[in-house]
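Report on one structure; see the data block that follows.
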Amino acid sequence: MPEVRPARTDADLDAARRLFRAYVDELDFALDFQDFEAEMEALPGPYAPPDGAILLADVHGEPVGVVAVRPLGEEDVCEMKRLYVMPAHRGRGIGRALASAIIEKARTLGYDAMRLDTLASMTAARRLYRSLAFEERDAYYHNPLPNAVYMERAL
Numbered sequence: 000m001p002e003v004r005p006a007r008t009d010a011d012l013d014a015a016r017r018l019f020r021a022y023v024d025e026l027d028f029a030l031d032f033q034d035f036e037a038e039m040e041a042l043p044g045p046y047a048p049p050d051g052a053i054l055l056a057d058v059h060g061e062p063v064g065v066v067a068v069r070p071l072g073e074e075d076v077c078e079m080k081r082l083y084v085m086p087a088h089r090g091r092g093i094g095r096a097l098a099s100a101i102i103e104k105a106r107t108l109g110y111d112a113m114r115l116d117t118l119a120s121m122t123a124a125r126r127l128y129r130s131l132a133f134e135e136r137d138a139y140y141h142n143p144l145p146n147a148v149y150m151e152r153a154l
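The sequence shown runs contiguously to residue 154 in numbering that gives the first Met the number 0.
This is how it looks when you write it as structure tokens:
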């Protein structure tokens, strides 16, 4: 099993940035509508404590996965962002470990609900989120992608 830990150092933030960029490289569209590059330059940005967090999953001391949480602007509601596991490490429970850890972190930060968005084509991710008690909901922000799926769960 991986070691899931908070990103605390500059080296950790660099690792998170590399993993976030690898995630975007696998997509067949740009994340310009989310100001992705500005977000990467400003890390930890909206994920900074005390209201947010970035978690890394290490295997043999090397970061192979990442996930983040940030406040949404609504009282007691947060958003899970950018869950990613490197392809060579998928299918080993690392995504589940990261998602479970960020849910627990959100609880300790005092949030009552967590939202996320994904794509209809990301069937494995949607299956994971449903298994973690996320349910589909109406859009909570404008996403220009036609197959966006919005989900939420109580914490």
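Backbone N, C-alpha and C define an ideal beta-carbon position, used for all residues, glycine too.
From a predicted model like this one, the values you see are computed outputs, not experimental measurements.
Could you spell out the range, first to last residue, of the beta strand (DSSP E) harbouring ARG125?
-> Taken as a continuous stretch (DSSP letters only), ARG125 belongs to no beta strand (DSSP E), being part of the alpha helix (DSSP H) at 122-130.
Work out the CA separation of LEU118 and TYR149 for me, nearest whole Å. Between the alpha carbons of TYR149 and LEU118 lies a distance of about 8 Å.
* Asked: Under the rule that 16 or more other beta-carbon atoms within 10 Å means buried, what is MET0, buried or exposed?
  -> MET0 counts as exposed, since fewer than 16 other beta carbons sit within 10 angstroms of its beta carbon.
Among MET113, ILE102 and LEU18, which has the Cα closest to the Cα of GLU73? Looking only at MET113, ILE102 and LEU18, the smallest Cα-Cα distance to GLU73 is reached by MET113.
Coarse secondary structure for ASP13, derived from DSSP in three states | Of the three classes helix, strand and coil, the one that applies to ASP13 here is helix, per DSSP.
**Prompt:** Could you give the distance in angstroms between the alpha-carbon of MET85 and the alpha-carbon of ASP75?
**Reply:** So the two alpha carbons sit approximately 31 Å from each other.
ask   = Bridge partners of ARG69, per DSSP?
value = Per DSSP, GLU78.
Which residues DSSP lists as bridging TYR149, in chain order: DSSP, once it has assigned bridges, lists ASP116 and ARG136 as partnering TYR149.
Touch check for the segment 18-26 and the segment 77-96: three-plus C-beta pairs under 8 Å?
-> Touching, yes, given that three or more Cβ pairs across the two stretches are closer than 8 Å.
Requested in this report: Round the Cβ separation of ALA56 and ALA96 to the nearest angstrom and send it over; I've been treating them as touching at under 8 Å.
Outcome: The C-beta distance from ALA56 to ALA96 rounds to 6 Å, short enough to meet the 8 Å contact threshold.
**Message:** By DSSP's criteria, GLU2 is part of a beta bridge. Which residues make up the other side?
**Reply:** GLU2 is bridged to ASP57.
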